[in-house]
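Order-wise, the sequence lines are chains P and W.
Under numbering that gives the first Met the number 0, the letters of the first sequence match residues 0 to 965, in that order.
Under numbering that gives the first Met the number 0, the letters of the second sequence match residues 0 to 181, in that order.
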Amino acid sequence: MRTRLVLIPFLLFLSPFVFSQAPHFRKHTLPQEFKNAHVNHILQDQKHFMWFATSIGLIRFDGHSYKLYLQFSDGNDATVLFESSDGTLYSGYNDGKIGTWREGAFVSVLQIPGFGGAPITGIIEDRDRRVWVSSYGKGMAVIAGGQITHIDRSRGLADEFIYCLARAGDGRILAGTDRGISVCSFDGKLTRVDVLTTENGLTDNIVTALSVATDGTVWVGTDSEGICSLDLRSARFRRVADPWNHGRVTTILPLEHTIWVGSAMHGVFEVDNAGSFVNEINREDRKLPMRVSDLCSDEEGNIWIGGPGNALFSGNRTFSFITEFNGNDISNIQAVLCARDGRLWFTTAQGAYSIAQLKSREHVPLKLTDEKLVGAQIISLFQDAAGYIWMGTFDHGVFRYDASSGSLLQLTEQQGLINNNVLSIAGRDNEVWLATLGGVSQCTVGGPADKPVFKFNNYTTESGLGSNYIYKIFIDSRDRVWFATDGKGVTVREDSTFRNFSLNEGLKSNIVYSVTEDASGAIWLSTSNAGIYKFNGSRFEPFMPHNGLRDLAISSIIGEKNGNILVVSKAGIDILDPSSGVIFYHGEEFGMTEIDPNLNAYSKDSAGNVWVGARNGIIRYATNIPPMRKWPVTEINEVQVFLSKIDTSANVFEHDQNHVSVSYMGFWYHDPAEVTYRLKLEGHDREWVDSRNHFITYPNLQPGSYTFMVQSSATNYFEGAPVRKFTFTIRPPFYSASWFYLLCAVATGGLLFLFIRRREKKIQAAEREKKEKIEFQFQTLKNQINPHFLFNSFNTLIGVIEEDRETAVSYVEKLSDFYREIILHREKDLIPLSKELELIDNYYFLQLKRYKKNFRMHAAVPDEKLQHRIPPLTLQLLVENAIKHNIISNDRPLVVEIFTEGDYLVVRNNLQRKVVHESSTGLGLNNIMNRFKLLTERKVSIRESEEYFSVYVPLLNPGNDESSHH
Amino acid sequence: MKLPFIFLFCGIALAAAAQDPIIYEINNGSVHFKSEAPLEIIQAQSDQLKGLIDFTNQTFAFSIPVTSFMGFNSALQREHFNENYMETDQFPRATFSGRLIESIDPSRDGEYIVRAKGKLSIHGVEHERIIRSAVEVRNNTIRIHSAFSVLLADFNIGIPKVVQQKIAEEIRVEINGNGNLK
Numbered sequence: 000m001r002t003r004l005v006l007i008p009f010l011l012f013l014s015p016f017v018f019s020q021a022p023h024f025r026k027h028t029l030p031q032e033f034k035n036a037h038v039n040h041i042l043q044d045q046k047h048f049m050w051f052a053t054s055i056g057l058i059r060f061d062g063h064s065y066k067l068y069l070q071f072s073d074g075n076d077a078t079v080l081f082e083s084s085d086g087t088l089y090s091g092y093n094d095g096k097i098g099t100w101r102e103g104a105f106v107s108v109l110q111i112p113g114f115g116g117a118p119i120t121g122i123i124e125d126r127d128r129r130v131w132v133s134s135y136g137k138g139m140a141v142i143a144g145g146q147i148t149h150i151d152r153s154r155g156l157a158d159e160f161i162y163c164l165a166r167a168g169d170g171r172i173l174a175g176t177d178r179g180i181s182v183c184s185f186d187g188k189l190t191r192v193d194v195l196t197t198e199n200g201l202t203d204n205i206v207t208a209l210s211v212a213t214d215g216t217v218w219v220g221t222d223s224e225g226i227c228s229l230d231l232r233s234a235r236f237r238r239v240a241d242p243w244n245h246g247r248v249t250t251i252l253p254l255e256h257t258i259w260v261g262s263a264m265h266g267v268f269e270v271d272n273a274g275s276f277v278n279e280i281n282r283e284d285r286k287l288p289m290r291v292s293d294l295c296s297d298e299e300g301n302i303w304i305g306g307p308g309n310a311l312f313s314g315n316r317t318f319s320f321i322t323e324f325n326g327n328d329i330s331n332i333q334a335v336l337c338a339r340d341g342r343l344w345f346t347t348a349q350g351a352y353s354i355a356q357l358k359s360r361e362h363v364p365l366k367l368t369d370e371k372l373v374g375a376q377i378i379s380l381f382q383d384a385a386g387y388i389w390m391g392t393f394d395h396g397v398f399r400y401d402a403s404s405g406s407l408l409q410l411t412e413q414q415g416l417i418n419n420n421v422l423s424i425a426g427r428d429n430e431v432w433l434a435t436l437g438g439v440s441q442c443t444v445g446g447p448a449d450k451p452v453f454k455f456n457n458y459t460t461e462s463g464l465g466s467n468y469i470y471k472i473f474i475d476s477r478d479r480v481w482f483a484t485d486g487k488g489v490t491v492r493e494d495s496t497f498r499n500f501s502l503n504e505g506l507k508s509n510i511v512y513s514v515t516e517d518a519s520g521a522i523w524l525s526t527s528n529a530g531i532y533k534f535n536g537s538r539f540e541p542f543m544p545h546n547g548l549r550d551l552a553i554s555s556i557i558g559e560k561n562g563n564i565l566v567v568s569k570a571g572i573d574i575l576d577p578s579s580g581v582i583f584y585h586g587e588e589f590g591m592t593e594i595d596p597n598l599n600a601y602s603k604d605s606a607g608n609v610w611v612g613a614r615n616g617i618i619r620y621a622t623n624i625p626p627m628r629k630w631p632v633t634e635i636n637e638v639q640v641f642l643s644k645i646d647t648s649a650n651v652f653e654h655d656q657n658h659v660s661v662s663y664m665g666f667w668y669h670d671p672a673e674v675t676y677r678l679k680l681e682g683h684d685r686e687w688v689d690s691r692n693h694f695i696t697y698p699n700l701q702p703g704s705y706t707f708m709v710q711s712s713a714t715n716y717f718e719g720a721p722v723r724k725f726t727f728t729i730r731p732p733f734y735s736a737s738w739f740y741l742l743c744a745v746a747t748g749g750l751l752f753l754f755i756r757r758r759e760k761k762i763q764a765a766e767r768e769k770k771e772k773i774e775f776q777f778q779t780l781k782n783q784i785n786p787h788f789l790f791n792s793f794n795t796l797i798g799v800i801e802e803d804r805e806t807a808v809s810y811v812e813k814l815s816d817f818y819r820e821i822i823l824h825r826e827k828d829l830i831p832l833s834k835e836l837e838l839i840d841n842y843y844f845l846q847l848k849r850y851k852k853n854f855r856m857h858a859a860v861p862d863e864k865l866q867h868r869i870p871p872l873t874l875q876l877l878v879e880n881a882i883k884h885n886i887i888s889n890d891r892p893l894v895v896e897i898f899t900e901g902d903y904l905v906v907r908n909n910l911q912r913k914v915v916h917e918s919s920t921g922l923g924l925n926n927i928m929n930r931f932k933l934l935t936e937r938k939v940s941i942r943e944s945e946e947y948f949s950v951y952v953p954l955l956n957p958g959n960d961e962s963s964h965h
Numbered sequence: 000m001k002l003p004f005i006f007l008f009c010g011i012a013l014a015a016a017a018q019d020p021i022i023y024e025i026n027n028g029s030v031h032f033k034s035e036a037p038l039e040i041i042q043a044q045s046d047q048l049k050g051l052i053d054f055t056n057q058t059f060a061f062s063i064p065v066t067s068f069m070g071f072n073s074a075l076q077r078e079h080f081n082e083n084y085m086e087t088d089q090f091p092r093a094t095f096s097g098r099l100i101e102s103i104d105p106s107r108d109g110e111y112i113v114r115a116k117g118k119l120s121i122h123g124v125e126h127e128r129i130i131r132s133a134v135e136v137r138n139n140t141i142r143i144h145s146a147f148s149v150l151l152a153d154f155n156i157g158i159p160k161v162v163q164q165k166i167a168e169e170i171r172v173e174i175n176g177n178g179n180l181k
């Protein structure tokens, strides 16, 4: 029967009919107090923190909380951030300041002479670790070991208004300016500046963005002419992404296969290496900013987008979405097919569509319409080896579409198809397998292209199929054909024989929705309500990931080329890593909420990417990006003792530093809320402790050795997760250490010994002194009541009384004064020299009356010495000694002189020794000497010559400390 | 308040002195603006644009007295423009000065596209702008034409809510000027 086929190209708009796909971008809501922050620059540091240079200051983000770094009182409008290889973070500001930071703490301000407040626009490091800084208006500078070289137009720079810096693969530094690109070579000094302008093929001299891809290509963004690529070796430019009418290029982010470009007018574009537009990111995600300041890719592969007015977004490229084309919503997808020409086919209740990728420039989308297609629900799609598109329907059999001629051909039961409800199509070479609600048809296509012959071999339960209701046909790499049946498990056809696997072969549900093969060749299936199974060669074993399935009703199971298995359910598309048995949930955070996908509505493109049809559009799972990390990056951020930060290189604490807190983080920016932790303090905990906090405190730790261990996981499953450790020791207190006991014992013994010895010495000294004092007093007293003295005194008195009564009275007064002074002073240790002189004056008066002119005494002591002190009665004793031992006569008068010599008091008399000694104990001089020994180091000395007898007595300073012995 | 303009003028003159520069003077330039709001179209024009373009040093300066705009829908509207929005008492002039990105050889007659990058100062607020201009040189005379738009919000010109339907947020500006070699 001839079918009449009508193809109507369905032109919806005049703009190109193309599709874009974009990851789901999550808006990061900055805290209220940071509102109005313009995000100017984004950077991830070596410690995994995200940093944002914003108009209100630097902001650091760990996935959970934001920390604002304000350093300057005169403005913190940060324009640019850079981390050097040694881990120093540089922040440039709009008013020309440059700050340096380490470990999240401010270090210093860098002043560039010659910049004079011009905005900082770029900071970069060259291969020799010199730091280059560019300004907007004042050229740039190279900082090498404290030496700053300023580069301006006089040094060959194209212009002093610099927008951006980049480091070329050969180590040269590129600067984008108002007048082209300056290429700078530096070797100790600036050796060469080459300038590339429109004359060299640059599309626009105002170069606003520069980026160097890993292959060495320099990507150049301009003010008005979009982007171009530059091969630096040949200095050749190539215009790409043409035409460009999206305003200034603000930033370029090269990725593995494409580059992302931020514009000042229309948001973000994705351009492939060949220079064609691939995606208009804002087309799919309308909440993204139209004016983009910066793009950044973090180590997880997330893309960060920053813009003015609080705009901060991040998205993971693993999944991207097509939700519309040219203003038409794409929803409730029934089947998806990636055709080999790059077109994307999908069907909805409204019909079958074919849309082209943005880069194909093929601006004609197709909607197939035909009187037979009207009302036909296309529920399966397949492209055969010859390129024909097969479309399986409910009740209308299968259609075969020839894209080159636009002809559509229908095959139904009348042509030999076993049933008109075609749920799944597979095939290889010229063989197409059609799964229906009434069995399976194997269709072999023969004959010439314009007169094809379709030969059907049909199979049913009678042939060995488990059931005639087949949801999915899958041909594996060993040419086995698998049939997922409704109610009878799974059937496989191998070497023309059918074999069935159901409840007896391990399945807990007989309703099998989907079959797939993983990269290692293992067969997997999913069921309507009993999860997933893995084939072991003879049986299907239930496979439960360690962290469980979110839903046991799995609509599709898809092996992808990197070895993972996609598990598609209502909740989202989870990624199972069969080797570790861990499944990564991907739901709401990735833009998948109630995706409610149709059974087996998926297709793989030639690159291996998987496209899944869902309720709200088509989801692409990317296989050509770096594989997702399995674990969050765990870091111990800070260790605190009694809540004050310590340097983690120090790990021995005193016994009273036993309150230890650790702050840690599992960095997992694409879904931070999923991260959980497992902690253990070895030496304290026996078991791992689960936690969702980022901080733990161990108070009151006993002395001992401890190792803090932390793991983080985004799946709640920790086996094999890397462990971060911090080992520390708390010292026992010194007073409980054995050496301390020993030391204490020795010290106590020693001290006791010293104490006793000292005490003994002291007692001895005191006793000796006491004895000296007593002896001295005794001697003095004895002298004063010496009968001779009294006898002589009285004799003298008698003589005087007779001659002169008044003198007698004065004599007695002097005698009495003399005795009173003796009584007054004898108890004292020291008296001023002046007092002693008064005393000796009285004594002299008394002696003068007796000896008349035969005895003379001269005291000549300078005034400054009068306050010096000596033991009382010293002079008296010495003068008395002189009287006692010398002849005193008219012929030979005795002359006693008292004077000072340095710090000595000298008592000198002319020597005229009596032949017969008066009785003498010799105690007098000795006694004086001993007394002085107790008072001072200086000694009493006696000097005897032919003429003189002199006694030198040390004078003690007023208030002197030489008397410390007392 | 002609002072800033004179300063600019002097600056250019001084910078140029060394090289015997090629300077064109625009004496009778016009500025036309148009606000297309849902409820009203407002436009006005001034012929008092003056400017200097130094092709040797690639610098330029333009200035216009804001009060010179005429052609509003009513006299009251002009009064509002001067008093409420532009505050011409405080900010009598709008200026644009800076440097030329593209270098052209004005000794050769022809038509060129030149981008002027500089500080556009309106209502006392400065904004860096790159404005594309068509330049035609014929026998030592010059003709420039340029069209661009200005966002009122950029220049701190507030529109009361009640008249938001009558005044566009984005104003289209068109500039024409003729000049001679100095």
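Every residue, glycine too, gets a C-beta built ideally from N, C-alpha and C.
Min CB distance residue i to chain W below 9 Å
i	result
S19 (chain P)	no
D94 (chain P)	no
Proximity test, Cβ basis, 9 Å: residue i and chain P
i	result
K185 (chain W)	Limits of chain W in this structure are 0 at one end and 181 at the other, which puts residue 185 (chain W) out of reach.
E168 (chain W)	no
P3 (chain W)	The pLDDT assigned to P3 (chain W) is 48, lower than 50, so where the model puts this residue is not dependable; a value taken from the coordinates is nonetheless given after this. Taking Cβ atoms only, chain P never reaches closer than 9 Å to P3 (chain W), which makes this a no.
K165 (chain W)	no
Contact set between residue i and chain P, taken where Cβ atoms lie within less than 8 Å
i	result
I100 (chain W)	D177, R178, N204, I205
Counted within 10 angstroms of its Cβ, other Cβ atoms place residue i as buried (16 or more) or exposed
i	result
K96 (chain P)	buried
F793 (chain P)	exposed
Y818 (chain P)	exposed
G179 (chain P)	buried
N39 (chain P)	buried
D478 (chain P)	exposed
Three-state secondary structure assigned by DSSP to residue i
i	result
N81 (chain W)	helix
A208 (chain P)	strand
F733 (chain P)	helix
H965 (chain P)	The predicted model places H965 (chain P) with a pLDDT of 39, which falls under 50 and marks its position as unreliable, so this point remains unresolved.
W738 (chain P)	helix
L252 (chain P)	strand
Beta-carbon neighbours of residue i, restricted to chain P and to distances below 7 Å
i	result
K116 (chain W)	D177
Chain-ordered chain W contacts of residue i [CB-CB under 8 Å]
i	result
D485 (chain P)	Under the 8 Å cutoff, chain W gives no residues; its nearest Cβ is about 60 Å from D485 (chain P).
For residue i: DSSP bridge partner residues
i	result
Y458 (chain P)	P:V439
I980 (chain P)	Only positions 0 to 965 of chain P appear in the structure, and residue 980 (chain P) is not among them; the question remains open.
Within chain W, partners of residue i - CB distance below 7 Å
i	result
D222 (chain P)	I129
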